[in-house]
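> Numbering (UniProt numbering), first residue to last: 1 to 119.
All C-beta atoms in this analysis are idealised placements derived from N, C-alpha and C, irrespective of residue type, glycine included.
Once you've had a glance at the structure underneath, I'll fire off some questions.
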Amino acid sequence: KRGKRTPRIRQGSPIEEATLAHHLSTLHPLASQLAEAGHLTELLALMGLDSDAFTIQQELAEWMAKYQEAMDEIRRNPVPVEAAQALERQQRQAMQIAASGKKGFIPPIEEVGMTGEGG
């Protein structure tokens with residue numbers, strides 16, 4: 001439970017969109033996962049389990065397509081600069097606290113007003 005903290009997505013917060021966009025960007029398949037899936041499908045095919053190998057390939061292709069779809073949507077609807085900057089500040093604060101070894105809550109970031117100025 002004391003592992004890496006992930007930012008919670010708080011509905012209506014000034015950084016909601018930035019947090020969601022950041023979270024979605026981390027959901028891509030890793031190169032190691034793709035390589036492992038490739039080896040597994042080869043092994044399954046050699047064992048005569050072609051339908052299982054096909055299922056893995058199909059699911060992986062669907063995962064990659066959904067990820068690409070999400071990234072395309074994010075590119076079409078960019079996050080407001082103020083929200084992205086606020087998310088970066090929050091992440092820096094969390095990293096500083098984690099590096100210092102202090103326990104306790106992470107101080108809240110400043111609220112981003114409608115004008116884009118902190119306040």
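Whole angstroms is fine: what's the gap from Q68's alpha carbon to A21's?
As a working note, residue 68 is residue 68 in the sequence shown. As a working note, residue 21 is residue 21 in the sequence shown. The straight-line gap from Cα to Cα measures roughly 13 Å.
> I'd like the span of the alpha helix (DSSP H) that includes L20, first residue to last.
Along the sequence shown, read from residue 1 onward, the residue named residue 20 stands at position 20. Its alpha helix (DSSP H) spans residues 16-25.
> CB A70 to CB A18, shorter than 8 Å?
For this step, residue 70 is matched to residue 70 along the sequence shown. For this step, residue 18 is matched to residue 18 along the sequence shown. The Cβ atoms of A70 and A18 do not sit closer than 8 Å to each other.
> Taking 6 Å as the limit between beta carbons, can you name the residues of its chain near A99, skipping five residues before and five after?
The sequence position of residue 99 within the sequence shown is 99, counting from 1. Cβ within range, chain order: n/a, list empty.
> Alpha carbon to alpha carbon, what distance is there between L27 and D52?
Here the question's residue 52 lines up with position 52 in the sequence shown. Here the question's residue 27 lines up with position 27 in the sequence shown. When rounded, the distance between both Cα atoms is 24 Å.
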